[in-house]
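*Asks:* Take this structure, written in structure tokens, and hold onto it; I'll ask about it next.
There are 2 protein chains.
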Amino acid sequence: MKAENKHSKIITAATKVFAKKGFFTARISDIAKEAKVADGTIYLYFNNKYDILLSVFEEGVGKILGKTQKLLAANDDPVEMLRIYVIEHLTAMRKNKNLAEVIQIELRQTNKVIKQYRDKKFSEYTGIITTIIQFGQEKGVFRSDIHPDLSKRILFGALDEVSRVWNVTLETHYTVEEVADQVLTIFLRGIMVANN
Amino acid sequence: MKAENKHSKIITAATKVFAKKGFFTARISDIAKEAKVADGTIYLYFNNKYDILLSVFEEGVGKILGKTQKLLAANDDPVEMLRIYVIEHLTAMRKNKNLAEVIQIELRQTNKVIKQYRDKKFSEYTGIITTIIQFGQEKGVFRSDIHPDLSKRILFGALDEVSRVWNVTLETHYTVEEVADQVLTIFLRGIMVANN
DNA sequence: ATTACATGAATGAATAGTCATTCATGTTTT
DNA sequence: AAAACATGAATGACTATTCATTCATGTAAT
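Taken in order, these protein sequences are the chains called S and U.
The first sequence begins at 1 in the UniProt record's numbering and counts up one residue at a time.
The second sequence begins at 1 in the UniProt record's numbering and counts up one residue at a time.
Here is the structure:
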């Protein structure tokens, strides 16, 4: 119990420190201080600095992925499914800005191993969009001339950028609902079969 | 001449090295080697490592911005203007993958100074989208319930993500034209006033 | 219930290596 | 022969990781 507790304390601290200072500028001693443990203790729970970063990502995305999949399972309307995905994503990013920062910035970084790891792990999450779009096309709700893979990038990129801004400027004047509504309005109108 | 020549040689080399290894992992000696100058020579042209990064960005974005503004000046159809912007951006990102990498990844980094600098400089470039959208709304071509600021993020995020992928996977199987077409189809249908 | 012993989690000072930046020296240009 | 430019080895500051030691908790023996 105590061990598990300390593990998450370090994860939480690291998320915060990485978000604030960036992976390379963050010091192990910063994380230790934030988590209120000794520097050495961190190495009882993680192999090295990279391992901490990957764990932050793994556990963070894991939670979001799990929740999203659960919510979507109870649904079979493509439009409604996209709505759920968008709202869940924006809500999660807004709620945990530190995690958002790590996912959006630190994990993209250069290091090929990190980058490929992120893309692999992440593709499970963004792949959901592709699946929904294909499903919608089969149902005849979404236009068939839309490339599911490309439009996945288009939607995800839009979500990524609008939520990234929450971490940069103090553009708090848009709520999750407003943003979700704009993104969905534009994207859905863009991919749906005309019906009026 | 010789000085100017060396300056750009270093910029080009740095762009390549930063793109490949990332800002923090890149060594000054790597850049020097790539540019075929001595380590110390770099400090005759730049104040420090950060200065090199900012210069890469400044000069790179400057060129793209200039070209885009020039092309747009000769036009007054909002739809056509968006098309030009999208195609120019994708073409530029595709053509200079190293610069794209630096802009998209390295410059987002954490360091608050860097980040704010990027956002300030960049907002001039992405702000063009906002202007075009507002222009289109005034002309009654784009829906008035679209937030120009938000939809700027939506379009730019989409562009950023689709072009980022060119640097990660070997997803070369979409051409600039195909990608531009999908993005524009979806986005324009999303923001235009219905006219049928 | 007190004492002796055992365990392994936690500590943080010391290590070992890295690299941005400087500068004494050399080379080229005017 | 100045002045301007270029070199790259040496410097010095910085920090991830290690590991000898401490300490808290549990178990066994008396």
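We put the beta carbon where it would ideally sit given N, CA and C, even for glycine.
Mark residue 193(S) as exposed unless 16 or more other C-beta atoms lie within 10 angstroms of its C-beta, in which case mark it buried.
*Replies:* So residue 193(S) counts as exposed.
*Asks:* Reducing DSSP to helix, strand and coil, say where residue 24(U) ends up.
*Replies:* Three-state DSSP puts residue 24(U) in coil, outside helix and strand.
*Asks:* When you compare only the Cα positions, how much space is there between residue 132(U) and residue 145(S)?
*Replies:* Going by the C-alpha atoms only, they are around 27 Å apart.
*Asks:* Which residues share a DSSP beta bridge with residue 142(S)?
*Replies:* In DSSP, residue 142(S) forms a bridge with 192(S).
*Asks:* Since residue 73(U) is in the alpha helix (DSSP H), which residue starts that stretch and which ends it?
*Replies:* Taken as a continuous stretch (DSSP letters only), the alpha helix (DSSP H) holding residue 73(U) covers 49-73.
*Asks:* Does the contact criterion of 3 or more C-beta pairs under 8 Å hold for the region 141-155 of chain U versus the region 114-121 of chain U?
*Replies:* Contact between the region 141-155 of chain U and the region 114-121 of chain U is absent, because fewer than three Cβ pairs lie under 8 Å.
*Asks:* Measure the alpha-carbon distance for residue 94(S) versus residue 51(S) and round it to whole angstroms.
*Replies:* About 25 Å.
*Asks:* Does residue 174(S) have its Cβ less than 9 Å from a Cβ in chain U?
*Replies:* Yes, because at least one Cβ of chain U sits closer than 9 Å to the Cβ of residue 174(S).
*Asks:* Any heavy atom of the ligand SAM closer than 8 Å to the CB of residue 38(U)?
*Replies:* Absent from the structure shown: the ligand SAM. Ligands present: none.
*Asks:* Contact check, residue 184(U) vs residue 82(U) under 8 Å by CB: the rounded distance?
*Replies:* The Cβ separation is near 7 Å, so the contact holds.
*Asks:* Identify which residue in 32(U), 190(U) and 61(U) has its Cα closest to the Cα of residue 7(U).
*Replies:* The option with the nearest alpha carbon to residue 7(U) is 32(U).
*Asks:* Quick check on residue 2(U) - is its C-beta less than 9 Å from some C-beta in chain S?
*Replies:* Reliability of the predicted coordinates at residue 2(U) is poor, the pLDDT of 46 falling under 50, and no value is obtained from them.
*Asks:* Going by other Cβ atoms of all chains shown within 10 Å of its Cβ, with 16 needed for buried, is residue 175(U) buried or exposed?
*Replies:* Exposed.
*Asks:* In chain U, which residues lie less than 7 Å from residue 147(S) when you measure between Cβ atoms?
*Replies:* Per Cβ cutoff of 7 Å: 182.
*Asks:* Please confirm whether residue 147(U) and residue 178(S) have their CB atoms less than 9 Å apart.
*Replies:* Yes, these two residues count as a Cβ contact at 9 Å.
*Asks:* Go to residue 45(U), then tell me how far its alpha helix (DSSP H) extends in each direction, as first and last residue.
*Replies:* Run containing residue 45(U): 39-45, per the alpha helix (DSSP H) assignment.
*Asks:* Which residue from 149(S), 90(S) and 77(S) puts its Cα closest to that of residue 162(U)?
*Replies:* Comparing Cα positions, the closest option is 149(S).
*Asks:* Starting from the beta carbon of residue 34(U), find every residue of chain S whose beta carbon is closer than 7 Å, and list them in chain order.
*Replies:* Correct list: empty, because the minimum Cβ distance to chain S is about 16 Å.
*Asks:* So, with DSSP's three-state summary, where would you put residue 120(S)?
*Replies:* Correct three-state label for residue 120(S): helix.
*Asks:* Could you have a look at residue 99(U) and say whether DSSP puts it in helix, strand or coil?
*Replies:* Here residue 99(U) sits in helix by DSSP.
*Asks:* Should residue 127(S) be flagged as near chain U, meaning a C-beta pair shorter than 9 Å?
*Replies:* Output row for residue 127(S): interface = no.
*Asks:* Out of 78(S), 55(S), 65(S) and 25(S), point me to the one whose CA is closest to residue 138(S)'s CA.
*Replies:* Among 78(S), 55(S), 65(S) and 25(S), the Cα nearest to that of residue 138(S) is on 78(S).
*Asks:* Sort 20(S), 44(S) and 129(S) by Cα distance to residue 86(S) and report the nearest one.
*Replies:* The residue with the shortest Cα to Cα distance from residue 86(S) is 129(S).
*Asks:* For residue 103(U) versus residue 165(U), is the C-beta distance shorter than 9 Å?
*Replies:* It is not a contact, given that the beta carbons lie outside the stated cut-off.
*Asks:* Tell me whether the beta-carbon of residue 46(S) lies closer than 9 Å to the beta-carbon of residue 10(S).
*Replies:* Yes, Cβ-Cβ distance for residue 46(S) and residue 10(S) is below 9 Å.
*Asks:* Less than 9 Å between the beta carbons of residue 108(S) and residue 108(U), yes or no?
*Replies:* Contact: yes.
*Asks:* So that I know if they touch, is there some Cβ in chain S lying closer than 9 Å to that of residue 27(U)?
*Replies:* Residue 27(U) does not count as touching chain S.
*Asks:* Identify the contact partners of residue 202(S) in chain U, using a Cβ-Cβ distance below 8 Å as the criterion.
*Replies:* The shown model of chain S, from 1 to 196, leaves out residue 202(S), and the question about it has no answer.
*Asks:* Is DSSP giving residue 173(S) helix, strand or coil here?
*Replies:* Note: residue 173(S) maps to coil in three-state DSSP.
*Asks:* With a threshold of 16 other CB atoms inside 10 Å of the CB of residue 16(U), please say whether the residue is buried or exposed.
*Replies:* By the neighbour-count rule (16 or more Cβ atoms within 10 Å), residue 16(U) is buried.
*Asks:* Please report how far the alpha carbon of residue 127(U) lies from the alpha carbon of residue 119(U), in whole angstroms.
*Replies:* About 11 Å.
*Asks:* Report, in whole angstroms, the separation of the C-beta atoms of residue 167(S) and residue 63(S), which I expect to be a contact under 8 Å.
*Replies:* That pair is no contact at about 19 Å.
*Asks:* Run through chain S and tell me which residues come within less than 7 Å of residue 109(U), C-beta to C-beta.
*Replies:* The answer, in chain order, is 22 and 105.
*Asks:* Inspect the beta-carbon positions of residue 105(S) and residue 190(S) and report whether they are closer than 9 Å.
*Replies:* No, the Cβ-Cβ distance between residue 105(S) and residue 190(S) is not below 9 Å.
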